[in-house]
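Here is the structure we will look at.
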Amino acid sequence: MQEKEVIIIGGGAAGLAAAVACHQKGVEDILIIERADYLGGILNQCIHDGFGLEKFNTSLTGPEYAQRYINKVANKKIPFLLNSMVVGLTPQKEVVVVNSQGLQHYRARVIILAMGCRERTRGAINIPGARPSGIYTAGVAQELINLKNYMVGEKIVVLGSGDIGLIMARRLTLEGAKVIMVAEKLPYSSGLPRNINQCLYDFDIPLLLSHTVVDIEGNGRLSGVTIAQLGKRGGIITGSKRKITCDTLLLSVGLIPENELSREADIVLDNITGGPQVDERGQTSIPGIFSCGNVLQVHDIVDNVSLEAEYIVEGVVEYLEGKLNKEREIKVELRNGLRYVVPQTLIRVKDTIFSFRVNQPGEKKVIVFENGKKVIKKKFLRRVNPAEMIRVKLSSSELEGIKRLKVRLV
Amino acid sequence: MKAINNHYDVVIIGGGVVGCAIARELSKYKVNVAVLEKEDDVGWGISCRNSGVVHAGFNYKSGTLRAQLCQELDVPYKKIGKVVVAQKKEEIRELKKLKAQGEKNKVEGLQIIDSTELKRLEPNVKGIAALYSPETAITSPYLLTIALAENALRNGVSFFLNTKVKNIVKLKNSDFRINTNKGEFTSSYVINSAGLYSDRVAHMVGKDKYRIYPCRGEYYVLDKNTSWIINHLIYPVPKVGASGLGVHFTPTIDKNILIGPSNEYIKQKDNLSTTFQIMKLLSTETQKFLPLISSRDIIRSYSGIRAKQAPSSEGGFWDFVIEESNSVNNFINLIGIESPGLASSQPIAKKVVGIINKKEELSPNSNFNPLRKGILRFEEQDEKTKKALIKQDPDYGEIVCRCEKVTKKEILEAINNPLGARSLISIKYRTRAMMGRCQGGYCQIRIMEILRESFKLSPQEITLKGNNSYLLTGYRSSKENKLCKKKKLLSLEEGLLV
Chain A
172 MQEKEVIIIG GGAAGLAAAV ACHQKGVEDI LIIERADYLG GILNQCIHDG
222 FGLEKFNTSL TGPEYAQRYI NKVANKKIPF LLNSMVVGLT PQKEVVVVNS
272 QGLQHYRARV IILAMGCRER TRGAINIPGA RPSGIYTAGV AQELINLKNY
322 MVGEKIVVLG SGDIGLIMAR RLTLEGAKVI MVAEKLPYSS GLPRNINQCL
372 YDFDIPLLLS HTVVDIEGNG RLSGVTIAQL GKRGGIITGS KRKITCDTLL
422 LSVGLIPENE LSREADIVLD NITGGPQVDE RGQTSIPGIF SCGNVLQVHD
472 IVDNVSLEAE YIVEGVVEYL EGKLNKEREI KVELRNGLRY VVPQTLIRVK
522 DTIFSFRVNQ PGEKKVIVFE NGKKVIKKKF LRRVNPAEMI RVKLSSSELE
572 GIKRLKVRLV
Chain B
15 MKAINNHYDV VIIGGGVVGC AIARELSKYK VNVAVLEKED DVGWGISCRN
65 SGVVHAGFNY KSGTLRAQLC QELDVPYKKI GKVVVAQKKE EIRELKKLKA
115 QGEKNKVEGL QIIDSTELKR LEPNVKGIAA LYSPETAITS PYLLTIALAE
165 NALRNGVSFF LNTKVKNIVK LKNSDFRINT NKGEFTSSYV INSAGLYSDR
215 VAHMVGKDKY RIYPCRGEYY VLDKNTSWII NHLIYPVPKV GASGLGVHFT
265 PTIDKNILIG PSNEYIKQKD NLSTTFQIMK LLSTETQKFL PLISSRDIIR
315 SYSGIRAKQA PSSEGGFWDF VIEESNSVNN FINLIGIESP GLASSQPIAK
365 KVVGIINKKE ELSPNSNFNP LRKGILRFEE QDEKTKKALI KQDPDYGEIV
415 CRCEKVTKKE ILEAINNPLG ARSLISIKYR TRAMMGRCQG GYCQIRIMEI
465 LRESFKLSPQ EITLKGNNSY LLTGYRSSKE NKLCKKKKLL SLEEGLLV
């Protein structure tokens with residue numbers, strides 16, 4: 172059994188930022204465990220630009236963004252394992268790792284969960300029809316094209332307007348494929364407005380809202396899909412079905428935080444976010460196990476992942492110093508209009524960043540924070556959109572003397 | 015035994031669980047056997063698309079697949095028992111009938127239990143009484159088929175995959191000539207084990223009138239996280255005259271739960287689609303018995319097709335046809351092998367070999383080896399063994415499929431096997447890679463690369479399930495690459511001059 176101060180599971184955007192932040196705060200006995208044969212995670216396949224606008228004030232590609240952190244990890248000589256899969260995690264903060272060297276046990280004082288997320292698949296959303304080849308989740312197609320140099324198809328229908336789907340619609344067009352359309356089940360897109368403009372409209376790719384795939388054809392390779400328009404209640408509008416000949420269906424229908432290890436360690440998860448329930452510094456239900464990035468909640472932009480990782484490290488350092496004492500436990504209570512909040516609980520009076528997503532798009536909204544019946548903060552929002560995470564900071568003075576924290580959208 | 019000029023003593027048409035069981039049974043004798051299978055692997059028809067239940071035999075007469083066979087072939091087999099759950103008072107009478115029928119078929123241990131006992135056995139199932147059958151077991155239908163085939167192959171049977179029978183001619187010397195897309199075969203015996211297409215194959219040569227009605231059943235597969243919800247197979251009380259056993263809940267060998275199958279006569283024998291209507295029905299049935307299960311637990315759906323002799327107007331189960339053709343000597347038909355075909359595959363094989371043995375006096379193959387070893391599953395080993403395995407072969411230390419924890423070594427073993435996996439689906443059935451909750455999101459690309467390297471394939475040649483199921487259309491920007499190669503690229507200075 173090897174002992175470590177901090178073990179970070181996952182060497183992607185969140186894990187790297189957390190490692191660098193730990194090191195900057197003087198915690199040097201760190202180990203990053205990464206399953207791929209490179210650091211940087213999914214950023215490596217995101218070769219489009221637009222990363223780093225908030226964090227570095229410049230537009231970088233995914234690999235460039237990752238490289239900035241990888242360089243820091245290298246300069247600081249932070250240890251990492253590649254090609255290594257964590258296959259076990261216990262509440263006692265023991266980690267079991269498998270790689271070609273063997274099977275090793277580690278124990279750490281702090282574990283940072285940074286495993287990212289996975290894509291929702293066809294099975295999970297239950298699209299009826301045949302089972303041919305040529306159905307890919309957008310991220311798998313992205314990896315095939317950008318990292319493996321393979322082409323996945325020629326005539327493409329994209330289902331779901333998540334950001335990766337939009338980016339892949341553009342990517343495939345640039346590679347010479349015909350992207351026939353992007354169909355979105357909801358009456359609004361689940362991608363960022365800038366991606367809709369830059370990836371679809373600039374390339375004349377139609378976005379069909381309130382449309383979904385209701386049938387898939389093809390014995391060997393996919394030969395076509397049937398799309399239909401959906402009514403207000405989500406039912407298929409009669410007569411709206413039409414067949415589209417294509418050889419590929421790309422799915423961009425949501426991301427699921429990858430919490431299989433968390434579950435194994437009996438960490439309490441939030442049903443809505445799919446990530447662990449955490450306090451104001453990302454600490455899960457098990458003291459000393461922290462969580463950040465997409466494994467905690469799915470982010471829209473990577474800059475926020477890095478910022479979140481750096482932010483939770485404050486708590487990590489306090490924990491290591493024995494200063495993270497639970498003063499009380501207040502549940503953040505959600506009211507109308509909000510889908511989720513992170514953190515779910517507060518254990519101390521500290522400057523705290525709250526992340527929210529709304530249930531549906533709207534204009535001129537206010538997020539109201541209340542201590543019992545007393546309003547302690549109002550945040551005005553010109554526009555809200557489920558695709559865009561809302562982040563609101565409350566200072567420790569605003570949270571002073573809090574008994575019950577209720578948040579609602581009006 | 016080597017075949018001369020593609021002549022075999024016996025040609026088996028169809029590499030499903032029954033065809034493979036017959037092949038293995040015949041390999042116990044000195045007989046030249048060939049199995050012709052139209053797909054890229056064995057077991058892709060009915061055999062891999064069912065609940066994987068080894069019935070105890072109270073619904074209908076059934077042979078039993080002996081646990082011993084599974085042991086010989088290193089195939090998982092687990093006796094977990096079954097409860098048929100009544101939710102209405104009038105259904106209890108049906109339970110009693112079932113019990114009587116089962117006892118007549120000499121099924122042991124059947125008992126009717128009340129709601130308290132049901133609650134104890136299955137705390138999450140809604141019901142007022144149940145018939146409990148401790149003898150019912152589960153196996154892996156595809157692993158069993160693959161194991162039978164591998165063992166038959168090892169004992170001298172030839173397998174011809176991607177080989178579709180076009181027609182059969184009875185020759186003057188009383189042999190058969192079987193024309194396929196892969197050339198001609200001749201044989202003294204033909205065994206028609208073509209499942210859904212057994213009627214078509216029968217009509218190729220004989221005058222026997224059979225008709226197979228395809229009857230589709232759709233299933234859901236649930237995440238392993240749900241495995242704690244049930245302990246036994248959970249069945250509803252079958253409806254009188256129904257063509258299936260009703261939507262049931264099957265814990266699989268691998269700890270998923272299957273919900274299904276539905277029961278719907280369809281037109282095309284190859285229409286394995288799933289449908290909105292049935293998916294809805296499965297959800298409703300689930301809510302009736304197991305309200306704890308939610309749609310979020312579903313990781314996949316699929317369908318299988320029963321080869322029914324009974325037309326939809328009549329329904330029910332008809333006896334299997336296992337007999338020599340009345341009009342053509344040495345042509346043995348197996349018609350309408352539906353549920354419990356998996357459980358009965360072994361006795362069926364013995365019966366078929368018995369038919370031949372009566373006419374030929376087969377001499378035993380003294381080299382027959384009944385044992386077959388499956389792929390060692392890294393995940394199921396204890397820690398000491400795991401460490402030793404990685405030391406012995408570092409490929410065991412490379413976990414390719416994270417959800418099911420399948421190592422690169424296991425993938426390679428699936429590929430480097432005499433029967434060999436050449437497609438993603440073949441690897442999936444053999445190793446479980448891609449069967450987990452991410453459905454290959456992480457490992458699919460890695461497995462495609464392993465396949466490509468193993469067989470030196472071009473990207474277009476990697477398939478999901480053989481034939482036309484290619485996964486990639488080529489390299490990225492292949493046109494541009496070609497153009498670049500043709501034209502000499504301008505250097506930067508030259509570019510500036512232009």
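Chains A and B, in that order, are what the protein sequence lines are.
Going by our numbering, the first residue of the first sequence is number 172, and it counts up by one from there.
Going by our numbering, the first residue of the second sequence is number 15, and it counts up by one from there.
Beta carbons: idealized from backbone N, C-alpha and C, even for Gly.
Closer than 9 Å to chain A by CB, residue i
i, result
"Lys483 of chain B", "According to the sequence shown, residue 483 of chain B is Ser rather than Lys. True, the Cβ-Cβ gap to chain A drops below 9 Å."
"Tyr74 of chain B", "For Tyr74 of chain B, the predicted model reports a pLDDT of 45, less than 50, meaning its position is unreliable and no value from the coordinates is stated."
"Glu397 of chain B", "yes"
"Lys405 of chain B", "yes"
"Tyr22 of chain B", "no"
"Thr477 of chain B", "yes"
"Cys34 of chain B", "no"
"Pro473 of chain B", "yes"
"Met218 of chain B", "no"
"Tyr316 of chain B", "yes"
Straight-line Cα distance separating residue j from residue i
i, j, result
"Lys133 of chain B", "Asn245 of chain B", "11 Å"
"Ile351 of chain A", "Pro364 of chain A", "20 Å"
"Lys186 of chain B", "Asn344 of chain B", "14 Å"
"Asn277 of chain B", "Tyr316 of chain B", "13 Å"
"Ile425 of chain B", "Lys497 of chain A", "48 Å"
"Gly488 of chain B", "Ala435 of chain B", "22 Å"
"Ala184 of chain A", "Asn481 of chain B", "40 Å"
"Tyr224 of chain B", "Ala208 of chain B", "13 Å"
"Thr455 of chain A", "Ala81 of chain B", "46 Å"
Contact list for residue i against chain A, beta-carbon separation under 8 Å
i, result
"Arg490 of chain B", "Ile316, Asn320, Tyr321, Met322, Glu346"
"Tyr456 of chain B", "Arg289"
"Phe290 of chain B", "Pro299, Val385"
"Ile313 of chain B", "Thr292, Gly294, Ala295"
"Thr487 of chain B", "Met322, Val323, Gly324, Glu325, Asp418"
"Met448 of chain B", "Within 8 Å Cβ-Cβ: nothing; Met448 of chain B doesn't reach chain A, min ~10 Å."
Nearest neighbour of residue i, chosen from the options [CA to CA]
i, options, result
"Gly29 of chain B", "B:Lys103, B:Ser61, B:Lys283", "B:Ser61"
"Glu355 of chain A", "A:Gly197, A:Val484, A:Leu378", "A:Leu378"
"Pro275 of chain B", "B:Phe303, B:Tyr203, B:Ile292, B:Gln282", "B:Ile292"
"Ile427 of chain A", "A:Gly395, A:Gly464, A:Val329", "A:Gly464"
"Ile148 of chain B", "B:Ser359, B:Ile94, B:Glu136, B:Val171", "For the record, residue 148 of chain B in the displayed sequence is Pro; it is not Ile. Of B:Ser359, B:Ile94, B:Glu136, B:Val171, the residue nearest in Cα terms is B:Ile94."
"Asp55 of chain B", "B:Gly33, B:Tyr249, B:Ile313", "B:Gly33"
"Ser566 of chain A", "A:Ile547, A:Glu485, A:Met172", "A:Ile547"
"Tyr249 of chain B", "B:Val98, B:Lys140, B:Thr130, B:Glu299", "B:Val98"
Residue i at chain B interface by Cβ criterion, 9 Å
i, result
"Asn390 of chain A", "yes"
"Asn254 of chain A", "yes"
"Pro274 of chain A", "Reading off the sequence, residue 274 of chain A comes out as Leu, not Pro. Output row for Leu274 of chain A: interface = yes."
"Glu205 of chain A", "no"
"Glu481 of chain A", "no"
"Glu225 of chain A", "no"
Proximal chain A residues relative to residue i, where beta-carbon distance stays under 7 Å
i, result
"Pro155 of chain B", "Under the 7 Å cutoff, chain A gives no residues; its nearest Cβ is about 17 Å from Pro155 of chain B."
"Cys229 of chain B", "Here the premise fails: no neighbours, minimum Cβ distance about 18 Å."
Chain-ordered neighbours of residue i on chain B, where CB pairs are closer than 8 Å
i, result
"Arg365 of chain A", "In chain order: nothing, as chain B lies at least about 25 Å away."
Residues that residue i contacts on chain B, provided the C-beta gap is smaller than 7 Å
i, result
"Thr308 of chain A", "Gly455"
"Asn311 of chain A", "Reading the sequence as shown, one finds Val at residue 311 of chain A and not Asn. Here the neighbours are Gly455, Gln458, Ile459."
"Pro303 of chain A", "Ser483"
Chain-ordered chain B contacts of residue i [CB-CB under 9 Å]
i, result
"Val269 of chain A", "Phe392, Lys400, Ile404, Tyr410, Gly411, Glu412, Ile413, Lys419, Thr421"
"Val258 of chain A", "Glu393, Ile413, Arg416, Lys419"
Within chain A, partners of residue i - CB distance below 9 Å
i, result
"Ser287 of chain B", "Pro299, Gly300, Ala301, Arg302, Asp386, Ile387, Glu388"
Exercise. Would the region 208-227 of chain B and the region 333-350 of chain B be scored as touching if the rule is three or more Cβ pairs under 8 Å?
Worked result: yes
Exercise. Does the region 518-532 of chain A come close enough to the region 446-455 of chain A to have 3 or more Cβ pairs within less than 8 Å?
Worked result: yes
Exercise. Does the region 278-286 of chain A come close enough to the region 425-439 of chain A to have 3 or more Cβ pairs within less than 8 Å?
Worked result: yes
Problem set entry | Cβ contact check for the region 474-483 of chain A and the region 206-217 of chain A: 3 or more pairs under 8 Å | no
For this session: Please confirm if the region 144-163 of chain B is in contact with the region 331-345 of chain B, defined as three or more CB-CB distances below 8 Å between the two stretches.
Result: no
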